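Chains A and U are the protein sequences, given in the same order. Numbering-wise (this note's numbering), the first sequence opens with residue 377 and increments by one. Numbering-wise (this note's numbering), the second sequence opens with residue 377 and increments by one. Step one of this worksheet: look at the structure below.
There are 2 protein chains.
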Amino acid sequence: MHDRFAFAGGEAGKWEILSLRAIRGRGLEPVRSLTVHPVADNLAMPPAVWVLTGAMSNLRYTTRNEVTGLRAKQEPLGRPGARLAALIPIKKSKAWWELAQDERRAIFEEQSHHTAIGLDYLPSIGRQLYHARDLGEPFDFLTWFEFSPEHASAFDDLLSRLRATPEWAFVEREVDIRLRLT
Amino acid sequence: MHDRFAFAGGEAGKWEILSLRAIRGRGLEPVRSLTVHPVADNLAMPPAVWVLTGAMSNLRYTTRNEVTGLRAKQEPLGRPGARLAALIPIKKSKAWWELAQDERRAIFEEQSHHTAIGLDYLPSIGRQLYHARDLGEPFDFLTWFEFSPEHASAFDDLLSRLRATPEWAFVEREVDIRLRLT
Numbered sequence: 377m378h379d380r381f382a383f384a385g386g387e388a389g390k391w392e393i394l395s396l397r398a399i400r401g402r403g404l405e406p407v408r409s410l411t412v413h414p415v416a417d418n419l420a421m422p423p424a425v426w427v428l429t430g431a432m433s434n435l436r437y438t439t440r441n442e443v444t445g446l447r448a449k450q451e452p453l454g455r456p457g458a459r460l461a462a463l464i465p466i467k468k469s470k471a472w473w474e475l476a477q478d479e480r481r482a483i484f485e486e487q488s489h490h491t492a493i494g495l496d497y498l499p500s501i502g503r504q505l506y507h508a509r510d511l512g513e514p515f516d517f518l519t520w521f522e523f524s525p526e527h528a529s530a531f532d533d534l535l536s537r538l539r540a541t542p543e544w545a546f547v548e549r550e551v552d553i554r555l556r557l558t
Numbered sequence: 377m378h379d380r381f382a383f384a385g386g387e388a389g390k391w392e393i394l395s396l397r398a399i400r401g402r403g404l405e406p407v408r409s410l411t412v413h414p415v416a417d418n419l420a421m422p423p424a425v426w427v428l429t430g431a432m433s434n435l436r437y438t439t440r441n442e443v444t445g446l447r448a449k450q451e452p453l454g455r456p457g458a459r460l461a462a463l464i465p466i467k468k469s470k471a472w473w474e475l476a477q478d479e480r481r482a483i484f485e486e487q488s489h490h491t492a493i494g495l496d497y498l499p500s501i502g503r504q505l506y507h508a509r510d511l512g513e514p515f516d517f518l519t520w521f522e523f524s525p526e527h528a529s530a531f532d533d534l535l536s537r538l539r540a541t542p543e544w545a546f547v548e549r550e551v552d553i554r555l556r557l558t
């Protein structure tokens, strides 16, 4: 089962937007709040200034050993203490998407240690990836992170480490949206 | 760039439907013709009995060596002699999608030789894969094949070989639609 979700930026919503910054490329229009809701063809969308859509999908690079390591440490989203969140929409370059699977895997993990870096911050920093590229969306991925206020600086460390990797040379648009549960 | 295409079954279209068979699971409503057209959010869909949508996307399993081998032999779609086509929508099981990337790759190529089998039929049997799963579609993949009448039996061989692989144990729905250019 795929599950599509819409991230709607607007004037009211469950998540208050603390900051919205363009890291690379064009940003998004500033809004006050974000609502996350499932997409269904027969459901009307609530009013919003912008809506980003993504689908929970299968793993694209992760090996069985890595899955086992992640599952041993990770906890579900929606934990009571996790009152802070971040939404990081990313678009990678044409050069990235024209690479073969083994080339992308090598950059993603053997050179950039993407999964290994994320593992260092589990279970504190919860994470869910949504795929958007095949949906005709402006971004390729929407990553949602949840954490408690005491782990906010750890989250900044995580992002700094990822943004310094060879993989990030292929990121041509990135927006960093920080949120707080209202 | 992703590119989404709609495969619309109805009463009139560029491709006449010669046969439409359910290979595994539920079939599709019989129709006379098929039209293939790009999807754009601002374009109205022509009338159709059913519409299947898929996106041209990045390679998911193919290594650089395999890409090089495929490109050396393949020719573009739309060749003048290629008056026959097939559309094969496929849905794989939950068990498939819950496998890790290395497990799916091993079944796909090391055990089932999916890419190697396809290579045996190039350039005669042209092929384009469309991904549909993340779009919330009833099928995971739509594969489009084009060939000249003299290669119709080679195409049947290709399908027989693929359907006999370990990978096909994970196929839970498959429809086989044969077409002729009108």
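Using N, Cα and C, we set each Cβ at its ideal position, and we do this for glycine too. Note that this is a predicted model, so its numbers are computed, not measured.
Cut-off 7 Å between Cβ atoms - residues of its own chain near residue i, not counting five sequence neighbours on either side
i: V547 (chain A); result: R400, I466 and K468
i: I483 (chain A); result: P542 and E543
i: E486 (chain A); result: none
i: K459 (chain U); result: Here residue 459 (chain U) is Arg; the residue named in the question, Lys, does not match the sequence. Here the set comprises S524, P525, R556 and L557.
i: K405 (chain A); result: Contrary to the premise, residue 405 (chain A) reads as Glu rather than Lys in this sequence. Answer for E405 (chain A): V425 and W426, listed in chain order.
i: L518 (chain A); result: F383, L428, G430, L463, P465, Y506 and A508
i: E451 (chain A); result: P499 and G502
i: K449 (chain U); result: L495, L498 and P499
Chain U within 8 Å of residue i, Cβ atoms only
i: T437 (chain A); result: Note on residue identity: the sequence assigns Tyr, not Thr, to residue 437 (chain A). Answer yes: the Cβ-Cβ gap between Y437 (chain A) and chain U drops below 8 Å somewhere.
i: A431 (chain A); result: yes
i: V443 (chain A); result: yes
i: R402 (chain A); result: no
i: R397 (chain A); result: no
i: R408 (chain A); result: no
Any chain A beta carbon closer than 8 Å to residue i
i: E486 (chain U); result: no
i: W337 (chain U); result: Chain U is shown only over 377 to 558; residue 337 (chain U) falls outside these bounds and no answer can be derived.
i: W473 (chain U); result: yes
i: A424 (chain U); result: no
i: Q450 (chain U); result: no
i: D478 (chain U); result: yes
i: R447 (chain U); result: no
i: R440 (chain U); result: yes
6 Å Cβ shell around residue i - same chain, five flanking residues per side excluded
i: R509 (chain A); result: D516
i: I553 (chain U); result: L396 and L463
i: E550 (chain U); result: I399, R400 and I466
i: R481 (chain A); result: Y437
i: G403 (chain A); result: V551
Nearest-angstrom beta carbon gap, residue j and residue i [assumed within contact, 8 Å]
i: A424 (chain A); j: A461 (chain A); result: At roughly 17 Å, the Cβ-Cβ gap does not stay under 8 Å, so A424 (chain A) and A461 (chain A) are not in contact.
i: T411 (chain A); j: G430 (chain A); result: In fact, because the Cβ distance is near 14 Å, the residues do not count as touching under 8 Å.
i: Y497 (chain U); j: A530 (chain U); result: 6 Å
i: R380 (chain U); j: V407 (chain U); result: Going by Cβ atoms, the distance from R380 (chain U) to V407 (chain U) rounds to 21 Å, so no, they are not a contact pair.
i: S409 (chain A); j: A382 (chain A); result: Actually they do not touch by this definition, with Cβ atoms about 14 Å apart.
i: H527 (chain A); j: S488 (chain A); result: Between S488 (chain A) and H527 (chain A) the Cβ distance is about 22 Å, and since that is not below 8 Å, they are no contact.
i: L538 (chain A); j: L511 (chain U); result: Not a contact, Cβ separation roughly 28 Å.
Any non-hydrogen atom of the ligand GDP within 7 Å of residue i CB
i: G494 (chain A); result: Of ligands this structure carries none, so the ligand GDP is not represented either.
Close beta carbons around residue i, own chain, < 8 Å, minus the five adjacent residues each side
i: L453 (chain U); result: G502, Q504, W520 and E522
i: E513 (chain A); result: L428, T429 and G430
i: T438 (chain A); result: L446 and T491
i: W391 (chain A); result: S409, L410, T411, V412, A461, L555, R556, L557 and T558
i: L457 (chain U); result: Before going further, note that residue 457 (chain U) is Gly rather than Leu in the sequence given. So the qualifying residues of the chain are S524.
i: A422 (chain U); result: The identity of residue 422 (chain U) in the sequence shown is Pro, whereas the question assumes Ala. The answer, listed in chain order, is A384, G386, T411 and H413.
i: E479 (chain A); result: none
i: A540 (chain A); result: none
Proximity test, Cβ basis, 8 Å: residue i and chain B
i: G445 (chain U); result: Chain labels in this structure do not include chain B; the protein chains are A and U.
### Message
Beta carbons nearer than 8 Å to chain A: which residues of the region 500-527 of chain U have them?
### Response
H507, R509, D510, L511 and G512
### Task
Please determine if the region 527-537 of chain A and the region 435-445 of chain A are in contact, where contact requires at least 3 C-beta pairs separated by less than 8 Å.
no
### Task
Please list the residues of the region 532-556 of chain A that have a C-beta atom closer than 9 Å to any C-beta atom in chain U, keeping them in chain order.
none
#### Entry: Contact between the region 493-500 of chain A and the region 381-400 of chain U (3+ Cβ pairs under 8 Å)
no
### Message
So if I threshold CB-CB distances at 9 Å, which residues from the region 450-467 of chain A count as touching chain U?
### Response
none
### Task
Count the CB pairs spanning the region 424-442 of chain A and the region 468-482 of chain U that are closer than 8 Å, and state whether there are at least three.
yes
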